[in-house]
Amino acid sequence: MVRIDEVELLNKAETEEKNYNWEDAAKLYEQAAKLFLDKKLFEDAAKVYTKFGEICLRVVKASQTKEDYQNWNEQSVKAFHKAENFFNQTNNNLLSMECKAKALNAMGYTITSIEQGKETLKESINLCLELIKIYSNKNDNKNLIKLSLLALDSIDFLFYLCKEPSDFEYYFKLSRNLIEEAWVRLKKNDNINFRTELLVNENILFILNRYTELIYGDKKEEELRKKFLMRCEETLDLVKECDDFSILGHVYFVTGGHLCFYGTIFAKEKNQRIKLIERGFDLLEKAIIFFRTTKDYFNLIFAIYILDYLAGVFGRFEYYQKRISSDVHELEIFNKVYDGFHTIHGLYVFRLSLVYYLNFASKGFFKDDTRKSFAKAGISYAKNGLENLAFGPFIAQDSQALTIFYSQLVILADEDDPQQEYIQKMFYYADQAKIHSKGYKGGTARSAGFDSIYRANKTMIDIVKDKEFKIKHLKIAIEAATSNIKYAIESYNLFLAAQMRLGLLHEELGILTTEKKPLMEARELFLRLIKETSEKGYYYHYTAACYEYIARLEDRLGNHMASAEYYEKAEEAHNKSLREIEFKPLKDRVNEKIKYAKAWNLIEKAKTFHKREQHLKAKESYGTASEILATLRRFNYEANYYGAWVFLEEAEDLSKREKYNEAISSYEKTKDLFDTAKIMIRFIRKNVRRSKELK
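Residue numbering for the sequence shown follows my numbering, starting at 3 and increasing by one per position.
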């Protein structure tokens with residue numbers, strides 16, 4: 003009868019487990035383990051205590067209070083230690099070692115001391131490696147895969163405690179070897195649970211590579227990611243009939259995220275890129291549903307963060323706005339749950355809010371006061387996070403975030419704001435980002451240093467008046483922007499934007515120094531970008547911007563008809579870009595750019611007519627351009643200036659025809675309008691400078 007009771011308890015526990023009632027399942031497993039123990043059935047007790055420890059960790063993942071989180075984690079550790087002791091009593095040393103490794107791994111959920119946490123996790127990893135060596139001699143594929151996965155899980159915890167770039171290299175190599183060997187062994191002992199866990203661990207390795215090593219155009223990494231994409235697709239096909247939402251959640255999350263990241267960096271064709279990203283978003287949204295159903299809040303946090311982060315990267319602002327506030331609010335509860343512990347999942351709760359503040363502080367279509375409030379909130383949040391941050395790449399990136407926040411405050415500062423203090427702090431955090439980014443081979447961590455130095459110096463270029471001061475900061479910004487291009491790996495968009503920014507810096511340097519060389523360097527950069535973006539047929543907004551920049555350069559070089567042609571091409575490209583835009587404020591901005599390009603096409607033609615002394619044609623072009631500019635909220639201050647040129651051209655024509663009195667009258671009107679334009683420009687200059695976005 004005792005055996006029946008134990009069996010019934012185990013059956014009930016399995017039923018609760020299948021229904022994702024983790025706490026009820028854990029209590030039933032504990033009862034069953036105690037029954038086995040009462041009957042001195044130590045091996046059976048050890049097996050059930052092992053299961054109890056594993057389910058306790060599922061309760062940990064489902065915990066919504068710090069008390070529950072800590073309590074169930076302690077129970078998990080104790081359960082594994084009990085299993086370790088009972089296996090030891092039955093002379094099953096291998097399982098005893100495995101349970102000790104599991105106990106040490108479980109301690110990774112509640113690390114309070116970084117150094118102690120590292121030692122604990124390293125001990126777990128070394129036990130796993132010792133067991134792998136033993137099982138290799140026995141050719142035991144199942145246990146080899148199982149121990150490889152446990153080792154990888156502890157390595158994942160350890161990675162997020164690493165501050166120095168040198169800490170990553172050994173464990174990257176170890177992880178890659180364990181993963182590849184496990185995939186080979188999986189062919190002989192395929193198991194959907196093993197396969198899913200292996201996908202999860204390899205995905206984490208790619209995420210970490212993206213932080214610390216990835217360089218744009220890395221062919222070796224592209225092949226590895228292509229291979230992983232195939233593994234994701236194979237697994238996705240295998241789980242079509244699966245009814246385990248935990249497995250489905252993990253497979254959908256890993257596959258969805260990888261489709262997006264692969265698509266945005268490595269996919270070459272427009273249709274392929276869009277298809278990968280659309281599929282990725284769909285799978286990530288489904289993964290979130292599965293994680294909520296299974297109460298897997300760790301992975302729910304990861305999935306929500308990745309989805310919102312990618313929405314920002316891809317410029318899906320309407321989608322982003324619809325969900326970001328509710329997502330931040332939903333995950334706020336977990337700040338309290340994980341407070342005081344160095345955990346991966348706690349890091350990403352923090353990062354979601356940081357991304358939220360960053361995105362809204364830098365958006366030019368918000369009012370200045372709104373942007374300033376987001377920047378100040380972001381500064382407070384980022385500083386608090388930096389105090390206890392253990393993960394090196396995020397130290398560099400959070401210093402970069404603080405540089406961006408202070409840059410926004412510098413640009414938006416009014417008379418009552420301590421702008422000099424903001425400037426000092428902006429450069430302090432830019433230097434911190436540079437210091438903490440050194441040593442990384444690539445990735446977003448390496449980019450953080452160069453980008454921060456660029457942003458701080460670009461901010462000064464935008465706000466100071468002294469010519470020599472501007473030139474000094476321009477040269478530093480150009481050096482940083484040039485170095486940063488190959489590390490701009492967040493997306494293909496960012497890679498293009500990095501090159502455009504460099505072109506703009508060269509242009510500005512050429513203007514200030516009156517040297518032709520920087521202008522020609524800018525021109526060549528823009529022409530290369532036009533070729534690349536127009537060939538892909540997807541990045542019309544970049545194509546349009548480059549046409550505008552070249553048109554501006556041609557104007558400075560005195561090639562007005564060439565400039566007019568480039569403005570016409572810019573207008574065409576902007577019209578094509580509208581097809582890709584859903585976010586209404588952005589669509590409105592592009593429509594304004596279309597009209598602005600049309601106006602400048604006419605202005606450049608007018609300049610050509612003026613040179614040819616075809617003054618009436620010049621007058622007509624200036625007049626139409628002035629009328630268009632008057633309708634544009636951001637550019638209507640230019641209408642008076644080019645309206646003055648209407649009367650100037652009229653006066654020139656009258657003078658040419660010897661109608662001097664009428665010409666004098668037109669010249670007077672010209673003077674009045676130029677005076678009005680000067681007053682208006684002075685009045686709005688400060689606001690224009692404030693709202694100017696960093697390129």
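Ideal placement from N, C-alpha and C gives every residue a C-beta, glycine not left out.
Given residue i as reference, the closest of the options once Cα atoms are compared
i: GLY273; options: LYS658, ASP590, ASN663, GLU582; result: One detail in the question is off: residue 273 reads as Asn in this sequence, not Gly. Measuring from the Cα of ASN273, the nearest candidate turns out to be GLU582.
i: GLU287; options: TYR321, LYS270, VAL79; result: TYR321
i: TYR350; options: ARG325, ASP310, LYS369, CYS234; result: ASP310
i: SER401; options: LYS600, LEU278, ALA384; result: ALA384
i: THR122; options: THR266, ALA103, GLU556, ASP341; result: ALA103
i: PHE159; options: GLY348, ARG212, ILE249, ARG325; result: GLY348
i: GLN501; options: LEU151, ASP468, LYS467, THR545; result: THR545
i: LYS228; options: LEU210, LEU650, ASN205; result: ASN205
i: THR515; options: GLN33, ARG530, LYS472; result: LYS472
i: ILE151; options: TYR173, LEU180, TYR643, LYS36; result: Inspection of the sequence shows that residue 151 is occupied by Leu rather than by Ile. It is LEU180.
i: LYS571; options: GLY625, GLU125, CYS548, GLU223; result: CYS548
i: GLU622; options: ARG614, ALA379, ALA608, LYS613; result: ALA608
i: TYR551; options: ILE335, PHE170, ALA599, VAL592; result: ALA599
i: ALA566; options: LYS586, THR610, HIS543; result: THR610
i: TYR137; options: ILE290, GLU100, GLU76, PHE161; result: GLU100
i: ALA27; options: LEU37, ASN191, PHE38, ALA15; result: ALA15
i: LYS221; options: LYS80, LEU634, ILE116, TYR264; result: TYR264
First through last residue of the alpha helix (DSSP H) which encompasses residue i
i: MET428; result: 421 to 439
i: ASP590; result: 586 to 613
i: THR67; result: No alpha helix (DSSP H) contains THR67, which DSSP labels as neither H nor E.
i: SER493; result: Segment: none, SER493 is in no alpha helix (DSSP H) and carries neither H nor E.
i: HIS617; result: 617 to 632
i: ILE478; result: 469 to 486
i: VAL412; result: 394 to 414
i: ALA384; result: 370 to 389
i: CYS164; result: CYS164 -> no alpha helix (DSSP H), and no H or E assigned at all.
i: ASP329; result: 319 to 339
i: TYR1; result: Limits of the chain in this structure are 3 at one end and 697 at the other, which puts residue 1 out of reach.
i: HIS562; result: 562 to 579
i: PHE40; result: Residue identity differs from the one stated: residue 40 is Asp in this sequence, not Phe. 24 to 40 is the span of the alpha helix (DSSP H), which, as asked, contains ASP40.
i: CYS548; result: 542 to 558
i: LYS189; result: Careful: LYS189 lies outside any alpha helix (DSSP H) and carries neither H nor E.
i: CYS101; result: 95 to 108
i: LEU129; result: 116 to 140
i: HIS252; result: 247 to 267
i: GLU287; result: 272 to 295
i: GLY445; result: 445 to 465
i: PHE343; result: Neither: PHE343 is in no alpha helix (DSSP H) and is coded neither H nor E.
i: SER657; result: 639 to 658
i: GLU236; result: 221 to 240
Buried or exposed by the 16-neighbour rule on C-beta atoms within 10 Å, applied to residue i
i: ARG197; result: buried
i: SER327; result: exposed
i: LEU618; result: exposed
i: LYS20; result: exposed
i: ASN93; result: exposed
i: HIS562; result: buried
i: GLY645; result: buried
i: GLU695; result: Only weak support exists for where GLU695 lies, its pLDDT of 44 falling under 50; the value from the coordinates is given anyway. By the neighbour-count rule (16 or more Cβ atoms within 10 Å), GLU695 is not buried but exposed.
i: GLN118; result: exposed
i: PHE685; result: exposed
i: GLY387; result: buried
i: TYR172; result: exposed
i: GLU556; result: buried
i: TYR299; result: buried
i: GLN66; result: exposed
i: GLU542; result: Note on residue identity: the sequence assigns Tyr, not Glu, to residue 542. Buried.
i: ASN459; result: buried
i: GLU334; result: exposed
Closer than 7 Å: residue i CB and nearest the ligand ZN heavy atom
i: ASP416; result: The ligand ZN is not among the ligands present in this structure, which contains no ligands whatsoever.
Using a Cβ distance threshold of 8 Å, determine whether the segment 482 to 498 contacts the segment 436 to 445, with at least three qualifying pairs required. They touch, by the three-pair rule.
Tell me, please, whether the segment 119 to 136 touches the segment 302 to 316 by the rule of three or more beta-carbon pairs shorter than 8 Å. Inter-segment contact for the segment 119 to 136 and the segment 302 to 316 is absent: fewer than three beta-carbon pairs are separated by less than 8 Å.
Measuring CB atoms only, is the segment 265 to 272 touching the segment 249 to 257, in the sense that at least three cross pairs come out at less than 8 Å? Taking 8 Å as the limit for Cβ pairs, the verdict is that the segment 249 to 257 does not touch the segment 265 to 272.
Segment contact flag, the segment 65 to 72 with the segment 82 to 100, C-beta cutoff 8 Å, min 3 pairs: By the criterion of at least three beta-carbon pairs nearer than 8 Å, the segment 65 to 72 is not in contact with the segment 82 to 100.
Any contact of the segment 276 to 286 with the segment 325 to 343, i.e. 3+ C-beta pairs under 8 Å? Below 8 Å, too few C-beta pairs join the segment 276 to 286 and the segment 325 to 343 to call them touching: fewer than three.
Count the C-beta pairs between the segment 445 to 454 and the segment 398 to 412 that are closer than 8 Å, then say yes if the count reaches three, no if not. Under the 8 Å Cβ criterion, the segment 445 to 454 counts as touching the segment 398 to 412, having at least three qualifying pairs.
Would you call the segment 209 to 216 in contact with the segment 238 to 246, where contact means no fewer than 3 C-beta pairs closer than 8 Å? With the cut-off at 8 Å, the segment 209 to 216 and the segment 238 to 246 do not touch.
With contact counted as at least three CB pairs below 8 Å, one residue from each stretch, are the segment 405 to 416 and the segment 429 to 437 in contact? Per the Cβ contact rule, the segment 405 to 416 is in contact with the segment 429 to 437 (3 or more Cβ pairs under 8 Å).
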